[in-house]
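Every letter in the sequence shown is one number past the one before it in my numbering, and letter 2, counting from 1, is 39. Comments concern the structure below.
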Amino acid sequence: MGTKTDFRVIIGGGGITGLTLANMLQLYGIDFVLLESNSDLTPKGCGGISLLPHGNRILDQLGLYSRLLALAIPVDSLHFRDEFGEVIREVRGVNQSMNERHGYPQLSLDLQRVLQVLYDNIQDKKKILTRKEVQGVDVTHDGVVVKTSDGSSYQGDILVGADGNHSTIRDKMWQIADDLSPGWIAPDEHS
38 MGTKTDFRVI IGGGGITGLT LANMLQLYGI DFVLLESNSD LTPKGCGGIS
88 LLPHGNRILD QLGLYSRLLA LAIPVDSLHF RDEFGEVIRE VRGVNQSMNE
138 RHGYPQLSLD LQRVLQVLYD NIQDKKKILT RKEVQGVDVT HDGVVVKTSD
188 GSSYQGDILV GADGNHSTIR DKMWQIADDL SPGWIAPDEH S
């Protein structure tokens, strides 16, 4: 554990990005609170995921790689298919190649298991809050205040949007940027 600071990060979103960031901040003793809109961080039936070598390197630095490796299915071959589902190309020896080139293999496993490993590693579970949908963001002279749908407010030094492709936080950040510097960023560049 690193040295505790009074700097506080608010993480908006409890998926793989938000939980990985929470684990990084925990490792370095940086205070955080994670706000997740759903009631469950590790829902069943949320699909599969492939973890690539660069991600596995980070998970190893967090002390989580060996746990995930034990749960994973190594990827030995890839099949490329046409629009009819017919195999048009097969690549074998994927893991050997990944290990030789990058030091880690490609792993496939259930996303729910990855989220569970990330969540289980958080020591202070009170920092992980569910049913906290971000509704508002106010920038203050010394940080940020995040308001959630249940009327709660959370103060921090920075807010990290980790709430997925259809990010509410990203939309709020664009609004704030437009309010502070109107016209600086063209609307068609908001993504």
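Where a beta carbon is used, it is the ideal one built from N, C-alpha and C, also for glycine.
Item, Value
"Element boundaries [alpha helix (DSSP H), containing residue 103]", "102–108"
"Bridge-paired residues (DSSP) for residue 175", "182"
"Contact the stretch 104–122 vs the stretch 174–182: 3+ CB pairs below 8 Å", "no"
"Cβ-based burial, residue 73 [other Cβ within 10 Å; buried from 16]", "buried"
"N-terminal and C-terminal residue of the alpha helix (DSSP H) that residue 139 is part of", "131–139"
"Contacts around residue 125, its chain only, beta-carbon distance under 6 Å, and the 5 residues preceding and following it disregarded", "117 and 119"
"Per-residue burial, residue 197 [other beta carbons within 10 Å of its own, 16 or more giving buried]", "buried"
"Classification of residue 102 by the beta-carbon crowding that lies within 10 angstroms, buried from 16 upward", "buried"
"Contact between the stretch 139–156 and the stretch 71–87 (3+ Cβ pairs under 8 Å)", "yes"
"Residue 91, DSSP secondary structure in three states", "helix"
"Three-state class that DSSP yields for residue 206 in the structure shown", "helix"
"Where residue 215 falls: helix, strand or coil (DSSP)", "helix"
"First through last residue of the alpha helix (DSSP H) which encompasses residue 99", "Segment: none, residue 99 is in no alpha helix (DSSP H) and carries neither H nor E."
"Whole-angstrom distance between residue 157 and residue 93, CA atom to CA atom", "17 Å"
"Counted within 10 angstroms of its Cβ, other Cβ atoms place residue 69 as buried (16 or more) or exposed", "buried"
"Residue 188 to residue 205 span [Cα, whole Å]", "17 Å"
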